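Quick note, in our numbering, the sequence shown goes up one by one and the last residue is 196.
Beta carbons are placed, not taken as given, at the ideal position from N, Cα and C, and that holds for glycine.
Being a predicted model, the structure only gives us computed values, none of them experimental.
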Amino acid sequence: MTDSHPDTRSALPPKFEISHEEMDRVLKRFYAGVRQHPELAPVFGAHVEDWPAHEEKIGRFWRNAILHERNYDGFPQRVHLMAPEVKEHHFALWLALFDETVQAELDPETAAKWSAIAHRIGRAFRMGIVSRDQPKDAPPKLF
């Protein structure tokens, strides 16, 4: 099982088994890659001042999304929509780096499961950015 605290557990079972340590390892490696990425680094750097705090917050996000722990209360899609530096094409870069990271750090089955969730979330975020950046009188872009 996971090393979560009793007050953060949900009655829902995890989407898949993964430990906090595995999640932390993935996030540490992923954000190290983000900081080195020629296109993603400036986008994140415009908003993230404290990387350890950011990684901890995103760790809570993923623990909520995967393990159903109730210790994340942010609004990540709104945060991305409010960041004008975030563009539609960044999501493909982000997901490629994320996939590379989970594949390097986790067993193939766990990597595939986490990747699938990340891609679903990424599609929703990307759609929001496309809508935000579309001219107001343009017809909706269908995906």
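- In terms of CA proximity to D152, G86 leads the group G86, R113 and F178.
- DSSP places R179 inside the alpha helix (DSSP H), whose first and last residues are P161 to D186.
- The straight-line gap separating the alpha-carbon atoms of Q187 and Q130 is approximately 17 angstroms.
- Taking every protein chain shown into account, the CB of M76 has 16 or more other CB atoms within 10 angstroms, so this residue is buried.
- DSSP places E74 within a helical segment (H, G or I) once states are collapsed to three.
- Around the CB of E162, fewer than 16 other CB atoms lie within 10 Å, so the residue is classed as exposed.
- As the crow flies, the alpha-carbon of K81 is around 14 angstroms from that of Q156.
- In the three-state DSSP reduction, V87 falls in the helix class (H, G or I).
- Under the DSSP assignment, R113 falls in the alpha helix (DSSP H) whose first and last residues are W104 to L120.
- The beta carbon of A164 lies closer than 6 angstroms to those of V155 and Q156 in the same chain, with the five residues before and after it left out.
- Per DSSP, the continuous alpha helix (DSSP H) segment holding D152 begins and ends at H143 to E158.
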